[in-house]
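Read in order, the letters of the sequence shown are residues -16 to -1, 1 to 311 in mature numbering (1 follows the signal peptide of the UniProt record, and there is no 0).
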Amino acid sequence: MLSTFVVLLFTAVSLALEDLDATTFNVDLSKLPGFDSLHAPQNLSSHAGHIEIDNGHGSLFFWDFYNDWEKDRASGDSDSDRPLLIWLNGGPGCSSMDGALMEIGPLRVDSQETLVWNKGWFDKVDMMFIDQPLGTGFSTLDGEYETNLVDSSKHLVEFLVNYATIFRDQWESHKSIIIAGESYAGQYIPHLANLLKNHSLIAENNKSLSLMLGNAWIDPNLQSLSYIPYLMSHGIIEDDSKLEKLLTYHDQCQNVLRLKDVPFESTQCEMILNKILSTYRKKDKSNGIDQCLNVYDISKVDNYPSCGNNWPELLPSITHYLNLPEV
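See below:
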């Protein structure tokens, strides 16, 4: 969805660290169509761009929104306790610009393709959204994709070190760092936090470090065992012959968990959701297309086999907005 996002506005750069300063990444939000009518806070500032890591073999793209602490300090209105929230989407391979533009970011696009102010979280925290691992979203990669959490976590720490170097005053002004995310970020975040907890980025600056996980993909096998009971409690799965067949896959997953060496994602456990979606698909009488449960919102349906990949409904509006020449 975001592959067409032309970041001319962001002047996204990839230069040697020593050649960079914070102004290189300044974002002129006023150029976004509709921004001037938002009545956004006067002290809202933003940066975006690429920061190189891994000896130039790749770069991570970020977009931040923050209360301009210099403007606040000049007015005597500075919030010294304002945390920095670092947001990671999951996937793996999902752009965190989804989080910025469709979920918790201060700028949203509504169904009328109009920019709207979504103050929410920004009322309390400064925010940074990072496309990672290397090669995700607008981040770049010179070589093969990363396939393990050890490497991706090290690269995230390297990015944060470089970010803190470029935006030193901004980084040091935050006494609290919150690492937040959803879905597969349930894997990213604990690994990243484990590397950061004793790192000089946190320790030498006396910062607090906290984590926030939403619908986190922490234990896929146990989560798979929750699908049938959950859907039964909502009346989607009933006690009938279909349930009896589904329970055979449920039992197979439970048997896997009794083994000594249990894989992180068991094929038998993963099969439960696939079988639910195929078993309960129905043909739309108006167009003859098979429809299935939307796995992200069980009150909705989607075309089979997408089953939620066309959700949320704002995707077309955001895609059109991001393709406007001004953006």
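Glycine is no exception: its CB is placed at the ideal position from the N, C-alpha and C atoms. On a predicted model such as this, the values are computed, not experimentally measured, just so you know.
Is it buried or exposed for residue i, if we count other Cβ within 10 angstroms and need 16 for buried?
i           : result
residue 130 : buried
residue 250 : buried
residue 272 : exposed
residue -12 : Any reading at residue -12 must be qualified, since the residue scores a pLDDT of 43, below 50, and its modelled position is unreliable; no value is offered.
residue 51  : buried
residue 33  : buried
residue 140 : buried
residue 46  : buried
residue 262 : exposed
Which stretch, first to last residue, makes up the beta strand (DSSP E) that contains residue i?
i           : result
residue 80  : Per DSSP, residue 80 belongs to no beta strand (DSSP E) and is neither H nor E.
residue 152 : From DSSP, residue 152 is part of no beta strand (DSSP E) but of the alpha helix (DSSP H) over 152 to 157.
residue 199 : 192 to 200
residue 91  : 91 to 93
residue 302 : That residue, residue 302, is in no beta strand (DSSP E); its alpha helix (DSSP H) goes 299 to 306.
residue 277 : 274 to 277
For residue i, write down the residues that DSSP places opposite it in a beta bridge.
i           : result
residue 50  : 29
residue 164 : 71, 196
residue 105 : In the DSSP output, where bridge partners are listed per residue, residue 105 has none listed.
residue 140 : According to DSSP, residue 140 bridges with nothing at all.
residue 34  : 45
residue 124 : 43
residue 10  : 31
residue 285 : 277
Report, in whole angstroms, the separation of the C-beta atoms of residue i and residue j, which I expect to be a contact under 8 Å.
i          : j         : result
residue 31 : residue 6 : 7 Å
If I follow the unbroken alpha helix (DSSP H) through residue i, where does it start and stop?
i           : result
residue 169 : 169 to 180
residue 291 : It is not in any alpha helix (DSSP H) - residue 291 carries neither H nor E in the DSSP assignment.
residue 235 : 225 to 241
residue 256 : 251 to 263
(message) Closer than 8 Å is the cut-off here; do at least three beta carbon pairs connect the segment 156 to 174 with the segment 194 to 202?
(response) yes
(message) When you compare the segment 206 to 221 with the segment 174 to 184, are there three or more beta-carbon pairs, one atom per stretch, that lie closer than 8 Å?
(response) no
(message) I want to know whether the segment 13 to 33 touches the segment 99 to 106 - three or more CB-CB distances under 8 Å.
(response) yes
(request) Take every Cβ of the segment 148 to 156, pair it with every Cβ of the segment 89 to 97, and state whether three or more of those distances are shorter than 8 Å. (result) no
(message) Quick check: the segment 204 to 213 against the segment 247 to 266, are at least 3 beta-carbon pairs closer than 8 Å?
(response) yes
(message) Any contact between the segment 239 to 246 and the segment 220 to 228? By contact I mean 3 or more CB pairs, one from each, below 8 Å.
(response) no
(message) I want to know whether the segment 77 to 87 touches the segment 280 to 288 - three or more CB-CB distances under 8 Å.
(response) no
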